[in-house]
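Colleague:
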Amino acid sequence: MTICPRPLFLYGTLRALPLLAWAVTGDSRQIAAVEKLVQPAHLRGYARFALHHKDYPAVIKHAETSVVDGLLFRPQTLSQRTKLDDFEGEVSKPTTMLVETTDAEGKSQLVDADMYLWDGDHDELSTDGWELSVFIQERLDDWLDLFGGMELVGDAIET
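Mind the numbering: the sequence shown is residues -23 to -1, 1 to 136 in mature numbering (1 follows the signal peptide of the UniProt record, and there is no 0), read in order.
Below you can see the structure in the form of structure tokens.
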């Protein structure tokens, strides 16, 4: 029996589908393999901020009116989830949240999902927001070049 891990709300660099494809499959060109596993989603009551001297953002609890847009990723294997946990490292901790998606009929749905909540020093947070389009335009190719010869662990953890 295959156990599908909990969905994961992605709000930062992993929303760049070539990077998500690399993290999950080991090949940044495998976008089609991950496109079917994601859908737009958002999280209320939290805000995304740039981090000083980092290419990736942090999400922290914020005003009730704050909204973070992202992707809901539905991993099909424990290996896929483990790879993303390894990619995120130890500065953020997986935390359960209710994220909002829209179904095929346009109805809003709340989904119980994990996300990587910033667990680092708040002094590292910038007052600036973080934009995916800027990351894709200015840094994505460098990240893909950096990770090009690497592979995340997780393949042996299939159930």
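Using N, Cα and C, we set each Cβ at its ideal position, and we do this for glycine too.
So the candidates are Gly106, Glu108, Leu(-14) and Arg(-18); which of them puts its Cα closest to the Cα of tyrosine 93?
Modeller: Cα-wise, what sits closest to tyrosine 93 is Leu(-14).
Colleague: What residues match up with alanine 18 in a beta bridge as DSSP calls it?
Modeller: Alanine 18 is bridged to Gly47.
Colleague: So is the beta-carbon of leucine -16 under 7 Å away from any non-hydrogen atom of the ligand COA?
Modeller: You won't find the ligand COA in this model; it holds no ligand whatsoever.
Colleague: What's the call for alanine 40, buried or exposed, on a 16-neighbour Cβ count within 10 Å?
Modeller: The residue is exposed, with fewer than 16 neighbouring Cβ atoms inside 10 Å.
Colleague: For my contact list, arginine 51 and leucine 75 are in at a C-beta cut-off of 8 Å; report their separation, rounded to the angstrom.
Modeller: Arginine 51 to leucine 75, Cβ: 15 Å. No contact.
Colleague: Roughly how many angstroms lie between the CA atoms of arginine 25 and leucine 123, to the nearest whole one?
Modeller: Going from the Cα of arginine 25 to the Cα of leucine 123 covers about 25 Å.
Colleague: Using three-state DSSP, classify alanine 24 as helix, strand or coil.
Modeller: The answer is strand: DSSP assigns alanine 24 an E or B state.
Colleague: Report the three-state DSSP secondary structure of glutamate 108 (helix, strand or coil).
Modeller: Residue state, collapsed to three classes: coil.
Colleague: Considering just the uninterrupted stretch of the beta strand (DSSP E) at valine 76, what are its terminal residues?
Modeller: Where valine 76 is concerned, the enclosing beta strand (DSSP E) stretches over 69 to 79.
Colleague: Could you tell me the alpha carbon to alpha carbon distance between arginine -9 and glutamine 57, rounded to whole angstroms?
Modeller: Distance between the alpha carbons of arginine -9 and glutamine 57 is about 15 Å.
Colleague: Output needed for threonine 78: all residues of its chain with C-beta closer than 6 Å, excluding positions within five of it in sequence on either side, in chain order.
Modeller: Within the same chain, threonine 78 has close Cβ partners Gln16, Ala18, Leu49, Gln86 and Val88.
Colleague: Taking just the CA atoms, how far does glycine 83 sit from glutamate 101?
Modeller: In a straight line, the C-alpha of glutamate 101 is about 38 Å away from that of glycine 83.
Colleague: Quick check on DSSP: helix, strand or coil for proline -6?
Modeller: In the structure shown, proline -6 sits in a helix (DSSP, three-state: H, G or I).
Colleague: I believe isoleucine 8 touches tryptophan 95 by the beta-carbon criterion, under 8 Å. Please report the beta-carbon distance rounded to the nearest angstrom.
Modeller: 27 Å between Cβ atoms; not a contact.
Colleague: Rounded to whole angstroms, how far is the Cβ of alanine 27 from the Cβ of serine 110, which I believe are closer than 8 Å?
Modeller: Not confirmed; about 13 Å, so no contact.
Colleague: Which same chain residues end up closer than 6 Å to glycine -12 when comparing Cβ atoms and leaving out the 5 residues on each side of it in sequence?
Modeller: Contacts found: Tyr33 and Pro34.
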